[in-house]
Each structure stands twice: as C-alpha cells, then as structure tokens.
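Contents: one structure, followed by commentary.
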Amino acid sequence: MSVQIGRGSAGSARQATVVPLRRLLPMLVRGPVNAFAEVGRQARGQVVRLDLGPFRPYLVTHPDHVQYVMRTDWTNYQRVGKVWDPVERFLGTTFAGEGPDWESSRKAHQPMFTARHVTSLTGRLADVIAERVDRLDESARSGRPIDATKTMTDIVVAVNTMFFFGEKSSFEEGERLAREFGTAVKWLNVRQIMPFVPTAVPLPGDRAFANAVKAVDEMVYPLIRKARTASGDGHDVISALCRARDGSHADDRKVRDDLVAALVAGTDTTTHALAWMWPVLRDHPPVAARLYDEIDRVVGTGPVLPSHIPELRYTKMVLQEVLRLYPSGWIMQRFAAASGEIGGVSVNAGSTVFVSPYATHRLDEFWDRPLDFDPERFSPDIDTRRHRYSYFPFGGGPHQCIGQHLFQLVALLTIATLVSRFRPWVRNSGPFTPLPAALRPKQKIELGLVPVERSPHRAR
Ligand code: HEM
Numbered sequence: 046m047s048v049q050i051g052r053g054s055a056g057s058a059r060q061a062t063v064v065p066l067r068r069l070l071p072m073l074v075r076g077p078v079n080a081f082a083e084v085g086r087q088a089r090g091q092v093v094r095l096d097l098g099p100f101r102p103y104l105v106t107h108p109d110h111v112q113y114v115m116r117t118d119w120t121n122y123q124r125v126g127k128v129w130d131p132v133e134r135f136l137g138t139t140f141a142g143e144g145p146d147w148e149s150s151r152k153a154h155q156p157m158f159t160a161r162h163v164t165s166l167t168g169r170l171a172d173v174i175a176e177r178v179d180r181l182d183e184s185a186r187s188g189r190p191i192d193a194t195k196t197m198t199d200i201v202v203a204v205n206t207m208f209f210f211g212e213k214s215s216f217e218e219g220e221r222l223a224r225e226f227g228t229a230v231k232w233l234n235v236r237q238i239m240p241f242v243p244t245a246v247p248l249p250g251d252r253a254f255a256n257a258v259k260a261v262d263e264m265v266y267p268l269i270r271k272a273r274t275a276s277g278d279g280h281d282v283i284s285a286l287c288r289a290r291d292g293s294h295a296d297d298r299k300v301r302d303d304l305v306a307a308l309v310a311g312t313d314t315t316t317h318a319l320a321w322m323w324p325v326l327r328d329h330p331p332v333a334a335r336l337y338d339e340i341d342r343v344v345g346t347g348p349v350l351p352s353h354i355p356e357l358r359y360t361k362m363v364l365q366e367v368l369r370l371y372p373s374g375w376i377m378q379r380f381a382a383a384s385g386e387i388g389g390v391s392v393n394a395g396s397t398v399f400v401s402p403y404a405t406h407r408l409d410e411f412w413d414r415p416l417d418f419d420p421e422r423f424s425p426d427i428d429t430r431r432h433r434y435s436y437f438p439f440g441g442g443p444h445q446c447i448g449q450h451l452f453q454l455v456a457l458l459t460i461a462t463l464v465s466r467f468r469p470w471v472r473n474s475g476p477f478t479p480l481p482a483a484l485r486p487k488q489k490i491e492l493g494l495v496p497v498e499r500s501p502h503r504a505r
C-alpha cells in the first residue's frame with residue numbers, strides 16, 4: 046500500500062472518503078467500539094471521515110499514518126480542543142495536556158515508572174496482590190461466583206494505592222477514590238461524545254460530575270499535605286512528585302492534577318485488560334492448558350517470587366495477545382492544529398483525528414487472521430518484522446503510556462497468583478461485548494474458583 050504523508054496543504058491531496066451517518070448508525074447501534082473496527086476494515090487502511098452530524102472526525106488506522114500522527118507530526122496533532130475540554134475540568138492541563146506543563150509532569154513521573162524501579166517493587170506488589178487474592182478463599186470454598194471486573198478492580202485499586210500513596214492512604218480510601226473517578230469519567234464521556242454542546246448548556250450528569258470532582262479533591266489534597274510534611278524518601282509517586290527538585294511541583298494543584306491524571310489513566314485500563322483474560326481462556330482451552338502448565342511449573346503453589354517473572358514467557362505472550370484484541374486504551378483523540386495531509390488525504394485545521402489500536406489490530410492488511418486469538422504471534426522464536434504501529438496498545442511517540450512496565454508486572458503477578466491458587470472458570474455464557482469506557486465488558490463476567498490441589502509434587 047503506498048503511503049503519502051505530510052504537513053501543509055499540498056495541492057494534490059484529495060478529500061477523505063466520508064462514511065455517511067446512515068451507514069454508521071446501524072454499526073454504532075450494534076456497538077460503538079466495533080463500529081470503529083468495522084469502518085477501519087472496510088476502509089482497508091485508508092483515512093476516512095465519519096459523518097456524525099455536527100461532528101466529523103477522521104479515522105486513521107494504517108500503521109504509517111498512526112506513526113505520523115502519534116510521533117512524526119505529534120506537535121500538530123494535539124490533546125486539546127473541544128473534545129478535551131471536559132477532560133481538563135477533571136484532570137487539569139498538565140499530564141493530560143500538552144506543552145511545558147505536560148513535559149514537567151512526564152519528567153517528574155518518569156523515575157517511578159522505569160522498568161528498573163517497577164521491578165524493584167516486585168516483592169511488595171506480589172504481597173499486596175496475594176493479600177487480595179487470599180480474600181477469595183471463602184468464595185472458592187462456598188462455590189459462590191465472583192464478578193471478574195469487581196475482583197480485578199479490587200486488586201488494581203490495592204496496587205495503585207500502594208504505588209501512588211504508600212502508607213499515606215488505605216485500601217478503603219483508594220476504593221472511594223476509584224468510585225469517584227468512575228462517576229466523574231462516566232459523565233465526562235457524555236460531554237465528550239457531544240463536543241458541539243457548549244459548556245454553558247447543562248447536560249445530565251453535570252452535577253454528579255461536579256460532586257465527584259469535589260470528593261476527589263477532598264481526598265487528594267490532604268494526602269498531598271501529608272506527603273509534603275512526611276520525612277524520609279517514600280518510594281511512592283506522591284512523595285516523588287512532592288520532592289521534585291526543579292520546583293515544578295511546588296503548587297499542590299499541579300501535584301493533584303498529575304496524580305489524578307495518572308491514576309485515572311492506569312486504573313480502568315489495567316482492570317479491564319485483566320478482566321478480558323478469563324473469557325478468552327474459557328474460549329481457548331489449549332491456550333488455557335499451556336498457561337496453567339507454565340504457572341504450575343514456574344510458581345507451583347506460590348507465592349509468586351520476583352525470580353518467577355522472567356520465566357512466565359507464555360503467560361506474557363497470552364497477555365500481549367489479549368491486549369491486541371482488547372487494548373483497553375482503545376481510542377485516542379487528537380486535534381489538528383494546522384491543516385495537513387495524512388496518507389494523501391487533506392486534514393483541515395481544527396478537525397478531530399481518531400487513532401484506534403482496536404481498529405488497527407483488526408486489519409487484514411497487517412495481521413494474519415486478525416480476529417483469531419493466537420498468542421503464538423508474540424512468540425520470541427518467530428521473526429515477525431511487524432510494523433511498530435501495527436501493534437500499539439500503549440500508544441506511541443512522546444505520549445506513549447508511562448505505565449506499561451507497571452501494567453506488565455501487575456498483570457503477570459495477578460494471573461500467576463490467581464492461577465497458582467485456583468482454576469478460575471467463566472460460569473456465564475456470554476458473548477461479552479466491549480463498551481467504550483476502557484473496553485469494559487458490557488455483561489458481568491461470573492467467575493467460579495476451583496481451588497488447586499496443594500499436593501507436594503506441585504511445589505517447586
Ligand atoms: C492495560 C493497561 C494500559 C493501557 C492499555 C494503557 C494505554 C495507554 C495509551 C494508549 C496511552 C496513550 C494516550 C495518548 O496518546 O493520548 C497511555 C498513556 C498514559 N498512560 Fe497508560 N495504559 C495502561 C496502563 C497504565 C498504567 C498502569 C498507568 C499508570 C499507573 C498508566 C498511565 C498513563 C499515563 C500517565 C499516560 C499519559 C502519558 C503522556 O501523555 O505522556 N497507564 N496509556
């Protein structure tokens with residue numbers, strides 16, 4: 046496929062093919078997430094424009110074009126504009142924005158999110174996860190099913206509370222914070238899908254949104270004050286931000302915005318990626334059997350140790366494939382500051398451009414049997430020479446996810462801990478459909494937990 050990209054209004058650029066509302070509507074009714082994938086597949090990697098009435102965004106799916114938007118010309122494709130306004134009201138303009146404020150946020154977070162630092166916390170993270178998994182014993186004994194999303198949320202909240210606040214906060218407080226985030230994000234999304242409605246025009250949920258933001262502030266500001274006065278060199282994110290030497294985080298508002306932005310970015314994405322694991326394993330018994338075998342062999346009856354992590358190679362491949370089909374950060378929006386050209390198609394200044402890993406990961410042009418679940422695609426023994434932007438669950442370019450090492454580790458620890466103790470099996474039949482909010486499964490995933498026999502030969 047020939048590709049033409051560039052900035053400026055090249056005379057030869059053509060207008061994007063417009064997908065009319067009458068074609069989009071039935072797809073959107075069937076499910077908005079799959080509508081993007083369907084449009085992408087039909088366009089075969091070409092840039093198209095979606096006619097959503099007063100809102101006419103572009104959809105970019107070809108890996109070359111994705112690379113252009115996310116990396117090559119990223120300063121032109123910005124996280125600003127009408128679609129971002131409601132986000133700013135919750136997360137501020139620092140980590141969730143652009144420019145020098147975003148840069149200082151990224152710089153202050155970076156040391157806490159490196160592979161090296163995250164790996165150094167493996168033992169503590171494993172303990173936090175094991176403590177939450179211990180609480181599932183009762184459900185396993187009584188045969189009572191658990192809600193996969195709720196259980197994964199529980200684990201992720203415990204991990205994030207420890208990682209972001211250390212001893213300064215409790216699990217219960219982290220849980221309350223996550224609940225308020227949920228409310229704020231739910232109503233923020235309502236505004237985001239109607240960017241043409243001015244802020245002054247009230248919409249349902251405005252009050253719930255304001256109350257949730259207020260509740261978040263009432264919890265986070267006291268934690269910042271605690272971190273500022275605490276002695277020592279706490280290894281949590283809030284302490285690191287309060288210690289930032291360049292003075293960038295002297296203002297409590299900046300610390301608050303950064304913390305909330307990073308926590309929001311890292312909570313539902315991690316939770317839902319983990320939740321999709323279980324229906325996928327149910328539907329692919331040979332994959333499940335191989336994953337169980339690996340965990341039995343490496344971890345035995347547990348606990349999961351830092352030395353086990355590099356040995357969980359197949360589990361990691363399964364995770365990568367889950368993130369191919371269910372990349373919870375499934376869509377990114379950008380605002381074209383200046384007019385330009387992507388793939389020979391002119392893009393007008395002021396337009397919204399959507400980039401979607403969910404859609405790109407399903408293109409026949411770049412993936413063999415893209416809709417089949419096959420972890421072998423990620424086998425280190427296979428030389429795939431894949432385009433960097435044919436697989437981008439964590440985005441790319443300067444805004445690439447800062448939390449990917451943390452995710453990898455937490456996900457491996459969670460799966461290994463659960464599987465070393467139980468055989469989780471999905472009791473309800475599905476099908477499970479992804480909702481736009483971080484691909485949350487629409488239907489409840491009911492998990493039964495069968496305790497794993499603790500016979501001595503399973504231990505290492
Ligand atoms: C399955 C898990 C995750 C997925 C799929 C995911 C996905 C993404 C994607 C696609 C982006 C790019 C956004 C953009 O370009 O606009 C991103 C950015 C970001 N992610 Fe993640 N993420 C995950 C986990 C996490 C975790 C665990 C954290 C932190 C605790 C985190 C924090 C962030 C932050 C702060 C950014 C913004 C970075 C910047 O703009 O410089 N993410 N994530």
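Going by the numbering used here, 460 is the number at position 415 of the sequence shown; the sequence numbering is gapless.
For each residue, glycine too, the CB sits at the ideal point set by N, CA and C.
As the structure is a prediction and not an experimental result, all values here were calculated from the model.
Range covered by the alpha helix (DSSP H) that runs through residue i
i      : result
Leu364 : Arg358 to Leu370
Glu225 : Phe216 to Gln237
Glu148 : Gly144 to Phe158
Pro469 : Careful: Pro469 lies outside any alpha helix (DSSP H), inside the beta strand (DSSP E) at Phe467 to Val471.
Ser435 : Note, Ser435: premise wrong, no alpha helix (DSSP H); not H, not E.
Ser391 : Counting along the chain, Ser391 falls outside any alpha helix (DSSP H), though it belongs to the beta strand (DSSP E) covering Val390 to Val392.
Gly2   : No answer is possible for residue 2: the residues shown for the chain start at 46 and end at 505.
Thr62  : It is not in any alpha helix (DSSP H) - Thr62 instead sits in the beta strand (DSSP E) that spans Thr62 to Val64.
Tyr337 : Pro330 to Val344
Leu170 : Thr167 to Asp179
Glu183 : Asp182 to Ser187
Pro108 : Pro108 to Gln112
Secondary structure of residue i, DSSP reduced to three states
i      : result
Met46  : With a pLDDT of only 46 at Met46, under 50, the local geometry of the prediction cannot be trusted, and the value read off the model is given with reservation. Coil.
Ser276 : coil
Leu122 : The identity of residue 122 in the sequence shown is Tyr, whereas the question assumes Leu. Looking at Tyr122 - three-state DSSP - the assignment turns out to be strand.
Gly98  : coil
Leu494 : strand
Gly211 : helix
Leu319 : helix
Pro476 : coil
Cβ-based neighbour list, residue i, same chain, cut-off 6 Å, excluding 5 preceding and 5 following
i      : result
Ile269 : Asp297 and Val300
Lys487 : Thr478 and Leu480
Gly76  : Thr478
Arg485 : His317
Ala175 : Pro348 and Thr462
His432 : Pro108
The beta strand (DSSP E) enclosing residue i, as first and last residue numbers
i      : result
Phe380 : Met377 to Ala381
Val400 : Thr397 to Val400
Val132 : Segment Asp130 to Leu136 is the alpha helix (DSSP H) holding Val132; no beta strand (DSSP E) there.
Val105 : Tyr103 to Val105
Ile387 : Gly385 to Ile387
Neighbourhood of residue i by C-beta, 7 Å cutoff - its chain only, sequence neighbours within 5 removed
i      : result
Pro65  : Asp96
Leu233 : Pro131, Val132, Phe135 and Phe254
Val178 : Thr462, Leu463 and Arg466
Ala58  : Glu386, Gly389, Val390 and Ser391
Val265 : Arg301, Leu304 and Val305
Thr314 : Ser373, Gly374 and Ala483
Ala260 : Glu225
Ala394 : Ala381, Ala382, Ala383 and Ser384
Chain-order list of residues whose beta-carbon lies under 8 Å from that of residue i (same chain, five-residue window excluded)
i      : result
Arg169 : Met207
Leu492 : Pro190, Ile191, Asp192, Ala193, Thr196, Trp323, Pro469, Trp470, Val471 and Arg472
Where residue i falls, given that 16 or more other Cβ within 10 Å makes a residue buried
i      : result
Ala306 : buried
Ala171 : buried
Thr62  : exposed
Pro324 : buried
Ile191 : buried
Phe241 : exposed
Gln453 : buried
Gln87  : exposed
Ser187 : exposed
Arg505 : Caution is warranted here: a pLDDT of 41 is assigned to Arg505, below 50, making its placement in the model unreliable, and no coordinate value can be reported.
Ala229 : buried
Asp417 : exposed
Residue i versus the options, residue with shortest Cα-Cα distance
i      : options                           : result
Leu336 : Val363, Val325, Leu494 and Ala320 : Val363
His162 : Gln365, Arg288 and Gly448         : Gly448
Ala333 : Val367, Leu304 and Ser352         : Val367
Ser391 : Gly85, Leu69, Asp313 and Val93    : Val93
Gln91  : Val111, Val78 and Phe100          : Val111
Gly311 : Pro71, Phe158 and Val78           : Phe158
Trp147 : Leu304, Leu492 and Val235         : Leu304
Ile490 : Ala141, Met197, Ala185 and Gln155 : Met197
Trp470 : Val230, Leu451, Gly211 and Trp321 : Trp321
Thr512 : Phe81, Glu143 and Pro99           : With the chain represented from 46 up to 505, any question about residue 512 goes unanswered, as that position is not in the structure.
Pro402 : Phe209, Gly441, Ala257 and Ala245 : Gly441
Contact with chain C by residue i, beta-carbon distance below 8 Å
i      : result
Lys361 : Of the chains in the structure shown, none is chain C; there is only one protein chain.
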